[in-house]
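Trainee:
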Amino acid sequence: MANYYDIDDVLAEEEILPAVFQQAADCFGLLDSSDDTNEVEAGAKVELPFWLARDLHVRGVVAVDVPPYFRKVSRTRKEIEADAAHVDLRGRCQYFYELGLKIAPLVGDKTIGPFLLVAFQTRYKEVLVKAHTAASAVAPKHLTLLTNEEAKLYEAGQLSTAAFKKWRMGGPRLQRAPVLGRKRKPIE
Amino acid sequence: MYGKKGSELVKELASSEPGQLSAFNNDLFAQVIDECTGHLHHLGSLIRKIEELKKIEEIKKLNNQELEESEKQLLKAHNSGALIHHLSLLRNKRCLMAYVYNRAETIRSLGWAVERVLPEEIEEKLSGSEKEYFKNHAASLQSYMSELDLDLAVDMVPPKDPYIKVRVLEDIGNVLLSDQSANLARHAILFLRRTDAEQYISQAIFTLMLWYSCIIICPRSQYNVSWFTGLNGRADWLNQVIMVLSGQEWLQLMLYLFVQICFLGE
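Protein chains in written order, with the working numbering: chain A, 1 to 188; chain B, 1 to 266.
Rendered as structure tokens:
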């Protein structure tokens, strides 16, 4: 299990999954706070965040379905097979891989794992090349296609290039503390 | 939807730059806690209902009867409802804990960067308990260092020269340093012991002087030249900007100053 305090893990579990209630549940305003009824009917089709859906699924209260982009026959799969590097995964799910890892054992879909692996392998190469060659810190266009995990890798790549340059060229060793970096002095 | 506010809190943390603190979101924090209280309330009432039904079940069992179908359904519904509230509580707890924990981590790293005193603009972003936490953490760091008799916050690379040239950015008056008493007036250029100067540099009171900083004496440099650096021009911009100029920008700067001196200078 990932770190309890890990921000990304917390946010990855916030992703929405489609689910169907298998039995009625007595809880006030779960789906809509303005809803006055006290009950969710059995067979109600709802969208639940992963953290709620997981435990309810394990206990048989709801049946979880995979989100559209993980389905066996879906546009996303076809696009990934065609040209993984230029698929907008961020628009589908910011935590594409993390969610995939979490959901695969839950629904018992054996095809999700290899699918994720293929997607990551092809995209990783592209991310790495771009991270090491991109000239400036200005956010390039393709960054909007990357999922959160890939964006982190991209940043790490850029940082290491910057660190390498600094090591080769030398730079000022004494600097103001980075927490003060964005400080603006009052205009006199 | 349950747990939305908690995740908003964490999202706020995720969207801020790493290492930077944003103001403690008291408002949202209190809202999440309110939501928790609400969940607890619902959970309590559901559990009471479940217990009542269980009692009925036991009584009926003694009479060799079973619960009616509708009652069974109700029990199930209560059970799953209670479960949902329980999970929401756990989730909100996790969001709150993650928020506080990650901020505390940043605050701990402040202890290394700025030593004992927090600048005002950072201090106002902390909550009361965070201020206390920082104070205690800084104090224990200090006591550890004094126990070791070693300042662990200094630069890891040994200096080539024990003295460095710095320029003062803020007026702080007379200060007693380890080998001299210096008047730290704004814009004064001083030659100080590196160990003395280091803490002031990290607090952004000094700036390190490099050889090309001598251009500052050029009177035209006080003009706003933000059009070519893209940064806010200020009287003390030169020292700060030069440190981040790349080769091409440096050329531009030289050209600009050259033009200024040749054609505009008196």
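C-beta atoms are modelled at their ideal positions from N, C-alpha and C, and glycine is treated no differently.
Note that the structure is a prediction, hence the values are computed from the model and not measured.
When the Cα of B:H78 is compared with those of A:L106, A:D6, A:V64 and A:A24, which residue comes out closest?
Mentor: Ranking the options by Cα distance to B:H78, first place goes to A:A24.
Trainee: If you draw a straight line from the C-alpha of B:T106 to the C-alpha of B:S143, how long is it?
Mentor: When rounded, the distance between both Cα atoms is 20 angstroms.
Trainee: Tell me whether A:I16 sits in a helix, a strand or coil according to DSSP, three-state version.
Mentor: Here A:I16 sits in strand by DSSP.
Trainee: So the candidates are B:H137, B:N102, B:V100 and B:Y101; which of them puts its Cα closest to the Cα of B:G118?
Mentor: Rather than Gly, the amino acid found at residue 118 of chain B in this sequence is Leu. Checking every option, the nearest Cα to that of B:L118 belongs to B:H137.
Trainee: Just mark A:T144 as buried or exposed, buried being the case when its beta carbon has 16 or more other beta carbons within 10 Å.
Mentor: That one is exposed.
Trainee: When you compare the CB of A:I112 with every CB in chain B, is at least one pair closer than 7 angstroms?
Mentor: Chain B, which has no Cβ nearer than 7 angstroms to the Cβ of A:I112, makes this no.
Trainee: Beta-carbon within less than 8 angstroms of A:A163's beta-carbon, same chain only, minus the 5 sequence neighbours each way: which residues are those?
Mentor: Answer for A:A163: no residue qualifies.
Trainee: Buried or exposed for A:V129, going by 16 or more other Cβ atoms inside 10 Å?
Mentor: By the neighbour-count rule (16 or more Cβ atoms within 10 Å), A:V129 is not buried but exposed.
Trainee: Where does the unbroken beta strand (DSSP E) through B:I164 begin, and where does it stop?
Mentor: Run containing B:I164: Y163 to V168, per the beta strand (DSSP E) assignment.
Trainee: Using a C-beta cutoff of 7 angstroms, does B:S7 count as contacting chain A?
Mentor: B:S7 counts as touching chain A.
Trainee: Would you kindly work out how many angstroms separate the C-alpha atoms of B:P18 and A:K165, rounded to a whole number?
Mentor: Cα to Cα, B:P18 sits roughly 22 angstroms from A:K165.
Trainee: Residues in the region 41 to 62 of chain A with C-beta within 8 angstroms of chain C's C-beta atoms, listed in sequence order?
Mentor: Given the protein chain composition of this structure (A and B), no chain C is represented.
Trainee: Any chance you could list the beta strand (DSSP E) runs of at least 3 consecutive residues sitting entirely within the region 59 to 143 of chain A, in chain order?
Mentor: The qualifying runs are 62 to 64.
Trainee: How would you write the range of the beta strand (DSSP E) that B:R283 sits in, first residue to last?
Mentor: Only positions 1 to 266 of chain B appear in this structure, which leaves residue 283 of chain B out of reach.
Trainee: Inspect the CB distances between the region 4 to 19 of chain B and the region 46 to 54 of chain B and report whether three or more fall short of 8 angstroms.
Mentor: These segments do not touch.
Trainee: Buried or exposed for A:A12, going by 16 or more other Cβ atoms inside 10 Å?
Mentor: It is buried - the Cβ of A:A12 has at least 16 other Cβ atoms within 10 Å.
Trainee: At least one CB of chain B closer than 7 angstroms to the CB of A:I7: is that the case?
Mentor: Yes, A:I7 lies at the interface with chain B (some Cβ there is under 7 angstroms from its Cβ).
Trainee: Is DSSP giving B:E66 helix, strand or coil here?
Mentor: Coil, per DSSP.
Trainee: Within its chain, find whatever has a CB closer than 8 angstroms to the CB of A:E41; leave out the 5 residues flanking it on each side and keep chain order.
Mentor: Correct list, in chain order: F21 and A24.
Trainee: If you reduce the DSSP assignment to three classes, tell me which class B:Y2 lands in.
Mentor: Residue state, collapsed to three classes: coil.
Trainee: Using CA coordinates, which residue listed in B:Q20, B:L148, B:D196 and B:E35 is at the minimum distance from B:L89?
Mentor: Considering only alpha carbons, the answer is B:E35.
Trainee: Listed in chain order, which residues of the region 122 to 147 of chain B have Cβ atoms closer than 9 angstroms to some Cβ of chain A?
Mentor: Within the region 122 to 147 of chain B, the qualifying residues are I122.
Trainee: Identify the residues that DSSP records as bridge partners of B:N25: which are they?
Mentor: Bridge partners of B:N25: none, in fact.
Trainee: Report the rounded CA-to-CA distance for B:K160 versus B:E147, giving the unit in angstroms.
Mentor: C-alpha separation (whole angstroms): 28 angstroms.
Trainee: Who are the near neighbours of B:S178 in its chain, counting only those whose CB is closer than 8 angstroms to its CB and skipping five residues on each side?
Mentor: Hits under 8 angstroms: R193, T195 and D196.
Trainee: In chain A, which residues lie less than 7 angstroms from B:V10 when you measure between Cβ atoms?
Mentor: Going along chain A in sequence order, the residues near B:V10 (Cβ under 7 angstroms) are I7, V10 and L11.
Trainee: In terms of residue numbering, what span does the alpha helix (DSSP H) encompassing B:G173 cover?
Mentor: Counting along the chain, B:G173 falls outside any alpha helix (DSSP H), though it belongs to the beta strand (DSSP E) covering G173 to L176.
Trainee: Using the beta-carbon count (16 or more within 10 Å), is B:E198 buried or exposed?
Mentor: The residue in question, B:E198, is buried, as its Cβ has 16 or more Cβ neighbours within 10 Å.
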